[in-house]
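Under mature numbering (1 follows the signal peptide of the UniProt record, and there is no 0), read the sequence shown as residues -32 to -1, 1 to 381, first letter to last.
Here a beta-carbon is modelled for each residue, glycine too, at the ideal position from N, C-alpha and C.
All values reported here derive from a predicted model rather than from experimental measurement.
Working notes, structure below.
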Amino acid sequence: MEGRRCVMAALSDDMLTVLTVNLLLSVSFLSGRPTGCEEAKGFIFTAPREIEALSGACLQIPCSFTVKPQHKFNPRRKTFGVWLKPGAPILNSPKNVVYNSSQLKNKYDMNITGNLREKNCTTVFSKINSEQEDKYYFRIENGPFKISALCKPVNVNVRDSAWRPRIEISGDLKEMNSVIITCSALTPCPQSPPELTWNLEPDHRRLTEKNTDGTFTDKIQKNITLSDTHDGFNITCFVRYPVDGGKYKVAKAEVTLSVSYAPKNTSASISLSEDGWVNLTCSSTANPPVSFFTWFRNSTNGTMEVADGDIYGLNITKEGIYYCVATNDLGNQTSLEVHLAGQRKGNIQHEGPYKRRVPVIISTPVKTSLVSALFIILVGSFIKILMWFLKVVHLSPEMPQKGQRSQNASQKK
């Protein structure tokens, strides 16, 4: 009797131990933290730990595995892949299975596109929705060899709006430099890639690149030689993701170019002030902005620097030829010459307060045009006078004959 009691006591302790282990396993899987990772030693599962999907679109999960020799994986045997969601217990309950490649019908619209015999378990969701956002565990079944990647679930997040594309520019943004402009977009499903467009010329390259985690990125690229006209130009890139029902989800990104260039469109102008002075103003466009302006005056003694700054104030009596130079870190540019012609105060006859004649700005091209116009006017006037003179000479001999005929008519009367 005592022996029976000892045996029963031992059995009760063993049963209690088994029950405790099973309870712990159940609690573990219910909480989403599976145990038993030691069972997976020698089975290496490779897939992204986090992957993001677009609601209504397809999703590809890149997936592969390796098996150490002691597990006796035989590629000649029929091999099946299983995807499970957390539950209690994860390995024994069919309700946790959302896809099994051995079955024709599955809970989720999924398909293992990889070759399991070659240890490629890449899987595609044909159309994913927000209700399918969860953790997914992969299990391989190869005859008697069956094992699950309990320690490496794939966490699938589902978003409703499309990802914004990304615009990148390689190279230094300076005039005359050649740069590569790239617009890229995440490609959750290479079987149905996004469509990329932008407001640049359409002669661009299209690329699909595989990332280190097995996911993909679609890109468009274009080479551009920069000039000052590109400064401030706004690049807009659009992406369209095809979703269920023949619709699209759209997003865009924008980047404004800031191109560095030497001064351009440098010009000099003249304005009058009320205190008897003239202001010469130098203007120019540049990036970075003009750091300094310098004024020069041409005279019989040569060129002479006369002032610094964008505005040069001088007395109206200082006639001459002036020009300015605009400079920044990338270079400089010289304006056209301006001719300042004024009169001395004593020679101006006006009532009331002192007034001045407006200075004349004459650039070299304008001066040539004035001379040409004056020449044409003089030639035209000369031709008119000549024609009038010839007409008078031609008519003068006939005038007496008309007078004679008038006398004869009087005599006959």
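Looking at residue i: is its Cβ nearer than 9 Å to the Cβ of residue j?
{"i": "Phe264", "j": "Tyr290", "result": "yes"}
{"i": "Leu194", "j": "Ser146", "result": "yes"}
{"i": "Pro210", "j": "Leu164", "result": "no"}
{"i": "Val227", "j": "Asn202", "result": "no"}
{"i": "Ala230", "j": "Asn300", "result": "yes"}
{"i": "Asp212", "j": "Pro16", "result": "no"}
{"i": "Leu52", "j": "Val35", "result": "no"}
{"i": "Phe11", "j": "Ile108", "result": "yes"}
{"i": "Val258", "j": "Thr295", "result": "yes"}
{"i": "residue 416", "j": "Val92", "result": "The requested residue 416 does not occur in the structure, where the chain is confined to residues -32 to 381."}
{"i": "residue 386", "j": "Glu20", "result": "Residue 386 cannot be examined here, being either before or after the span of the chain that is shown, -32 to 381."}
{"i": "Phe48", "j": "Leu22", "result": "no"}
{"i": "Val306", "j": "Leu248", "result": "yes"}
{"i": "Cys250", "j": "Thr271", "result": "no"}
{"i": "Ile148", "j": "Leu168", "result": "no"}
{"i": "Pro161", "j": "Phe184", "result": "yes"}
{"i": "Ser32", "j": "Thr90", "result": "yes"}
{"i": "Asn191", "j": "Phe113", "result": "no"}
{"i": "residue 384", "j": "Ala130", "result": "Absent from the structure is residue 384, since the part of the chain shown begins at -32 and ends at 381."}
{"i": "Asp276", "j": "Lys232", "result": "no"}
{"i": "Leu298", "j": "Pro256", "result": "yes"}
Quick check on residue i: buried or exposed, where buried means 16 or more other Cβ atoms within 10 Å of its Cβ?
{"i": "Lys187", "result": "buried"}
{"i": "Lys46", "result": "exposed"}
{"i": "Gly55", "result": "buried"}
{"i": "Gln38", "result": "exposed"}
{"i": "Ala254", "result": "buried"}
{"i": "Asn269", "result": "exposed"}
{"i": "Ala309", "result": "exposed"}
{"i": "Glu136", "result": "exposed"}
{"i": "Arg324", "result": "In this prediction, Arg324 has a pLDDT of 32, which is less than 50 and means its spatial position is unreliable; nothing more can be read from the coordinates."}
{"i": "Ile344", "result": "exposed"}
{"i": "Ile353", "result": "exposed"}
{"i": "Met78", "result": "buried"}
{"i": "Gly82", "result": "buried"}
{"i": "Phe350", "result": "exposed"}
{"i": "Glu143", "result": "buried"}
{"i": "Asn376", "result": "At Asn376, the pLDDT of 44 sits below 50, so the modelled position is not reliable; the number obtained from the coordinates is stated separately. So Asn376 counts as exposed."}
{"i": "Trp166", "result": "buried"}
{"i": "Gln71", "result": "exposed"}
{"i": "Asp199", "result": "buried"}
{"i": "Ile279", "result": "exposed"}
{"i": "Ser303", "result": "buried"}
{"i": "Ser267", "result": "exposed"}
{"i": "Asn179", "result": "exposed"}
{"i": "Phe357", "result": "exposed"}
Taking DSSP as the reference, what is the three-state secondary structure of residue i?
{"i": "Val258", "result": "coil"}
{"i": "Lys190", "result": "strand"}
{"i": "Ser237", "result": "strand"}
{"i": "Ser228", "result": "strand"}
{"i": "Phe201", "result": "coil"}
{"i": "Gly348", "result": "helix"}
{"i": "Lys103", "result": "strand"}
{"i": "Tyr322", "result": "Bear in mind that a pLDDT of 28 at Tyr322, under 50, signals an unreliable position, so the number given afterwards is only what the model happens to contain. Three-state result, Tyr322: coil."}
{"i": "Asn42", "result": "coil"}
{"i": "Pro37", "result": "helix"}
{"i": "Ser98", "result": "helix"}
{"i": "Lys166", "result": "According to the sequence as given, residue 166 is Trp; it is not Lys. Strand at Trp166."}
{"i": "Leu118", "result": "coil"}
{"i": "Leu141", "result": "coil"}
{"i": "Trp356", "result": "helix"}
{"i": "Ser129", "result": "coil"}
Open item on the list: Quick test of the definition: if touching needs 3 or more C-beta pairs under 8 Å, does the segment 115 to 125 touch the segment 91 to 105?
Closed with: Verdict: yes, contact present.
TODO: Specify whether the segment 25 to 32 and the segment 157 to 164 touch according to this definition: at least 3 beta carbon pairs, one from each stretch, less than 8 Å apart.
DONE: The answer is yes - the segment 157 to 164 touches the segment 25 to 32, with three or more Cβ pairs under 8 Å.
- [ ] Ignoring anything shorter than 4 residues or poking outside the segment 239 to 310, list the alpha helix (DSSP H) runs there in chain order.
- [x] The segment 239 to 310 contains no whole alpha helix (DSSP H) run of 4 or more residues.
Open item on the list: Does the segment 215 to 222 come into contact with the segment 239 to 256, if we say contact requires no fewer than three beta-carbon pairs (one atom in each stretch) closer than 8 Å?
Closed with: These segments do not touch.
Open item on the list: Which runs of the beta strand (DSSP E) at least 3 residues long sit entirely within the segment 60 to 94? Give them in chain order.
Closed with: With a minimum length of 3 residues, the continuous beta strand (DSSP E) runs that stay inside the segment 60 to 94 are 65 to 68, 78 to 80 and 91 to 93.
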